[in-house]
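The opening residue of the sequence shown carries number 3 in this note's numbering; numbering runs sequentially from there.
What follows is a short report on a single structure.
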Amino acid sequence: MRDNKTRVLTTSALMTAMVYIATYIGTALPFSGYAHLGDAAVFLSGLVLGPYYGLMAAALGSALADGLKSYVIYIPATLVLKGLMAYMTGRVREKGSKMITSAMVFGGFIMVLGYYLYEIVIYGNMQAPIINIPWNIIQFVIGIVVAKILIKPFSRFKI
3 MRDNKTRVLT
13 TSALMTAMVY
23 IATYIGTALP
33 FSGYAHLGDA
43 AVFLSGLVLG
53 PYYGLMAAAL
63 GSALADGLKS
73 YVIYIPATLV
83 LKGLMAYMTG
93 RVREKGSKMI
103 TSAMVFGGFI
113 MVLGYYLYEI
123 VIYGNMQAPI
133 INIPWNIIQF
143 VIGIVVAKIL
153 IKPFSRFKI
């Protein structure tokens with residue numbers, strides 16, 4: 003990253019807002035949670051901001067959306083899981099690796115597993131959360147596709 007702290011701070015704030023908006027605007031699922039394009043913004047946060055600032059933007063934007071959509075119970079898991087998704091993507095990009103898509107897929111599966119384990123605790127059994135697994139997979143796959151489309155215009159930020 004460049005030394006221009008104002009630029010980094012401003013871009014981080016804009017990415018946090020973008021994650022929030024992309025996560026907040028969604029549709030409720032019939033069982034629990036909601037479907038949204040927030041995962042695309044989470045991946046873009048890691049790609050544009052790098053692992054650390056990307057983690058913060060993704061975690062804060064996603065958790066804020068959960069809280070304001072009345073999914074407060076998911077905030078702890080969201081902070082960790084969405085932050086990890088952005089961190090992994092940003093870390094691979096920072097290393098100059100060509101495996102960015104693989105990092106996004108791995109991050110997506112970490113998110114699916116993390117929410118499943120978290121919901122086991124919430125629901126008190128292992129069967130109820132299974133219904134959310136396909137929705138979470140579809141959501142992160144769509145997020146990868148959208149992030150891959152948008153990364154070219156977003157790469158102009160160069161921070």
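Glycine included, each C-beta is placed from N, C-alpha and C at the ideal position.
This structure is a prediction, so every number in the text was calculated from the model and none was measured.
Q) Counting only runs that start and end within the region 72–101, where is the alpha helix (DSSP H) found for 4 or more residues in a row? A) 77–96
Q | Start and end residues, alpha helix (DSSP H) containing G35 | A | Per DSSP, G35 belongs to no alpha helix (DSSP H) and is neither H nor E.
Q) Straight-line CA distance for Q129 to T18? A) 34 Å
Q. Distance, Cα to Cα, M3 vs L11?
A. Bear in mind that a pLDDT of 47 at M3, under 50, signals an unreliable position, so the model cannot answer this.
(Q) Quick check: the Cα distance between N6 and V123, rounded to an integer number of angstroms? (A) 43 Å
Q: Give the secondary structure of G126 by DSSP, where H, G and I count as helix, E and B as strand, and everything else as coil.
A: coil
Q. How big is the Cα-Cα spacing for A37 and P136?
A. 11 Å
Q: Spatial neighbours of G28 within its chain, please: CB distance less than 7 Å, with the 5 preceding and 5 following residues excluded, ordered by chain position.
A: Y36, A37 and H38
Q) Who are the Cβ neighbours of I102 in its own chain at under 8 Å, not counting the five residues just before and after it? A) L49, T91, V94 and R95
Q: Pull up the distance between the alpha-carbon of G116 and that of R158, whole angstroms please.
A: 32 Å
**Q.** Rounded separation between N134 and A79 - CA only
**A.** 15 Å
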